[in-house]
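Here the structure comes first, spelled out in structure tokens, and everything after it is commentary.
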Amino acid sequence: MMQQTCWNVWPDRGFLLNPDPLTALRDVNGLDNFISYEILEHIEQLAGELPTLLASHQLRPTLDDLPLYDLSSLRNSDDALDFRIVERLMQIYSYFASSYVYATDEEPAQHIPAGVAVPLHQLAQLVERPPILSYSGYVLTNWRRINPDGDIALGNIELIQQFLGNRDEQWFILVHVDIEARAAQALTHLPQAMDAAASRDMPQLEAALHKIAESIGAMHKTFSRMPEACDPDVYYRIVRPYIFGFNDVVYEGVAEYDGQPQSFRGQTGAQSSIVPALVTAFGLEHEQSGLTQHLRVMRRYMPKPHREFLTSLEASTIRAYVQDVRQASLTDAYNECLRALGKFRQLHLQYTTTYIFEKVDNPIGTGGTIYRDWLSQLVDETEAQLIS
Numbered sequence: 002m003m004q005q006t007c008w009n010v011w012p013d014r015g016f017l018l019n020p021d022p023l024t025a026l027r028d029v030n031g032l033d034n035f036i037s038y039e040i041l042e043h044i045e046q047l048a049g050e051l052p053t054l055l056a057s058h059q060l061r062p063t064l065d066d067l068p069l070y071d072l073s074s075l076r077n078s079d080d081a082l083d084f085r086i087v088e089r090l091m092q093i094y095s096y097f098a099s100s101y102v103y104a105t106d107e108e109p110a111q112h113i114p115a116g117v118a119v120p121l122h123q124l125a126q127l128v129e130r131p132p133i134l135s136y137s138g139y140v141l142t143n144w145r146r147i148n149p150d151g152d153i154a155l156g157n158i159e160l161i162q163q164f165l166g167n168r169d170e171q172w173f174i175l176v177h178v179d180i181e182a183r184a185a186q187a188l189t190h191l192p193q194a195m196d197a198a199a200s201r202d203m204p205q206l207e208a209a210l211h212k213i214a215e216s217i218g219a220m221h222k223t224f225s226r227m228p229e230a231c232d233p234d235v236y237y238r239i240v241r242p243y244i245f246g247f248n249d250v251v252y253e254g255v256a257e258y259d260g261q262p263q264s265f266r267g268q269t270g271a272q273s274s275i276v277p278a279l280v281t282a283f284g285l286e287h288e289q290s291g292l293t294q295h296l297r298v299m300r301r302y303m304p305k306p307h308r309e310f311l312t313s314l315e316a317s318t319i320r321a322y323v324q325d326v327r328q329a330s331l332t333d334a335y336n337e338c339l340r341a342l343g344k345f346r347q348l349h350l351q352y353t354t355t356y357i358f359e360k361v362d363n364p365i366g367t368g369g370t371i372y373r374d375w376l377s378q379l380v381d382e383t384e385a386q387l388i389s
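For what it's worth, my numbering labels the leading residue of the sequence shown as 2, then goes sequentially.
Structure (structure tokens):
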């Protein structure tokens with residue numbers, strides 16, 4: 002299998018792709034050994050035209066006519082190919098699929114044409130995720146720095162790919178990119194905190210916990226900026242429809258599916274690995290429910306190295322050690338992290354009310370869940386696990 006080292010956890014950007022995402026595949030030297038530059042240019046041109054095609058109602062006819070480009074040669078590249086190339090292609094074709102199914106002002110399609118479905122399925126096998134747009138393609142690989150030497154932060158990042166290209170869509174995604182970057186400090190210190198707990202190094206653990214809490218606070222500060230340029234009504238009517246999942250959609254031409262309809266979860270923040278990493282490392286327990294089952298399913302949609310990172314955190318003894326030593330300043334540092342996490346989750350719950358719940362009688366999340374009650378449960382259970 003191809004190496005996915007670009008998805009390692011990085012001190013300067015956490016779960017964000019490293020090096021920075023590719024923006025022009027036709028400029029990648031040697032890629033024509035696997036895919037012709039003419040094909041790459043055609044695919045990227047269509048990707049850039051998505052907003053125009055959707056607005057003019059020409060998206061479906063255009064993708065109906067898209068030739069079936071065989072991308073199976075990528076599987077034979079082993080480690081010779083930068084994995085970011087595969088991720089960019091996965092992003093493009095998953096945007097094609099969601100654009101086709103949820104084309105502007107039209108009834109959702111119950112099929113995806115072979116020119117989109119077959120390459121998307123081939124790419125999904127390479128990235129080891131389901132063949133649909135996930136948080137990885139919507140957020141983690143969907144940014145570029147305006148100043149290449151500047152920070153990965155709001156004001157210095159812009160989108161690579163978008164559906165309609167309005168300000169609200171851009172801001173909604175870029176806020177999440179910034180949150181991911183702010184989480185880097187916490188993700189870097191989680192393994193350090195685990196090591197400190199395992200070796201019973203109280204000062205080291207306490208210092209790491211303070212850094213983690215600081216990082217979660219920075220995430221919350223960024224998240225609180227969402228209303229600055231993402232209007233709830235515009236989000237609900239225009240941005241959100243494209244990121245729902247697929248229910249009984251036929252992937253035409255995909256032999257493995259044999260013409261049978263397929264269902265996959267839509268893009269959702271639950272596919273970010275940040276909060277699962279914090280919950281796992283802190284040793285938090287949530288009541289088994291449809292929510293916990295849903296969150297477990299969401300791991301399938303995360304990059305494989307992120308899934309492996311979450312698994313590595315399951316060995317954490319941080320909470321057990323803090324409970325065992327009963328030292329005031331250490332307990333305070335641990336609780337500081339939980340309060341910061343609870344505050345972040347509370348803001349998420351607040352946004353589900355203003356951006357979605359107030360606008361529909363029976364709200365279902367883009368990941369296919371009745372999320373509001375579940376989010377409230379997470380907030381309550383986080384607070385309940387403070388150590389006294």
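Ideal placement from N, C-alpha and C gives every residue a C-beta, glycine not left out. For clarity, every value in this text was computed on a predicted model and none was experimentally measured.
Asked, Found
"Which of helix, strand or coil DSSP assigns to residue 322", "helix"
"Cα-Cα separation, residue 129 to residue 309", "13 Å"
"Rounded separation between residue 6 and residue 306 - CA only", "8 Å"
"Cα-Cα separation, residue 173 to residue 231", "6 Å"
"Any alpha helix (DSSP H) of 4 or more consecutive residues that is wholly inside the stretch 92-175", "115-128"
"7 Å CB neighbourhood of residue 69 in its chain, flanking five on each side removed", "115, 116, 119 and 254"
"Close-in-space but distant-in-sequence residues of the same chain around residue 346 (CB under 8 Å, 5 per side omitted)", "276, 376, 379, 380 and 383"
"The alpha helix (DSSP H) enclosing residue 250, as first and last residue numbers", "Careful: residue 250 lies outside any alpha helix (DSSP H), inside the beta strand (DSSP E) at 247-252."
"Sequence-distant residues of its chain with Cβ nearer than 8 Å to residue 159 (five each side left out)", "144, 145, 147, 171 and 175"
"Other residues of its chain near residue 343: CB distance less than 7 Å, five sequence neighbours each side excluded", "380, 383 and 384"
"Minimum C-alpha distance to residue 150 - residue among 219, 21 and 249", "21"
"Contact set for residue 90: own chain, Cβ-Cβ below 6 Å, skip 5 residues either direction", "124"
"Exposure of residue 252, with buried meaning 16 or more beta-carbon neighbours within 10 Å", "buried"
"Validate contact between the stretch 270-288 and the stretch 242-250 using beta carbons, cut 8 Å, 3 pairs", "no"
"Through-space distance from residue 162 to residue 329, alpha-carbon basis", "49 Å"
"Assigned exposure category for residue 37 - 16 Cβ within 10 Å defines buried", "exposed"
"Of the listed residues 270, 317, 326 and 264, nearest to residue 350 (C-alpha basis)", "270"
"Through-space distance from residue 240 to residue 353, alpha-carbon basis", "14 Å"
"Distance, residue 279 Cα to residue 317 Cα", "11 Å"
"Alpha helix (DSSP H) segment containing residue 46, residue limits", "38-49"
"Length-filtered (4 minimum) alpha helix (DSSP H) runs lying within the stretch 224-310", "275-283 and 291-299"
"9 Å Cβ cutoff met for residue 95 and residue 133", "yes"
"Cut-off 8 Å between Cβ atoms - residues of its own chain near residue 257, not counting five sequence neighbours on either side", "122"
"Residue 390 to residue 195 span [Cα, whole Å]", "An answer regarding residue 390 cannot be provided, because it is not within the stretch 2 to 389 covered by the chain."
"Per-residue burial, residue 66 [other beta carbons within 10 Å of its own, 16 or more giving buried]", "exposed"
"The stretch 40-51 touching the stretch 198-217, judged by at least three CB pairs closer than 8 Å", "no"
"Among 348, 24 and 63, nearest to residue 97 - alpha-carbon criterion", "63"
"Presumed contact (8 Å Cβ cut-off) between residue 1 and residue 107, rounded CB distance", "Past the edges of the chain, shown from 2 to 389, lies residue 1, and the structure says nothing about it."
"Expected contact under 8 Å - CB spacing of residue 188 and residue 15 to nearest Å", "5 Å"
"Three-state secondary structure assigned by DSSP to residue 343", "helix"
"Three-state secondary structure (DSSP) of residue 218", "helix"
"Exposed unless 16 or more other CB atoms sit within 10 angstroms - verdict on residue 58", "exposed"
"Bridge-paired residues (DSSP) for residue 11", "15"
"Own chain partners of residue 87 with C-beta closer than 8 Å, once the 5 adjacent residues on each side are dropped", "3, 75, 124, 127 and 128"
"Under the three-state DSSP convention, the category residue 24 falls into", "coil"
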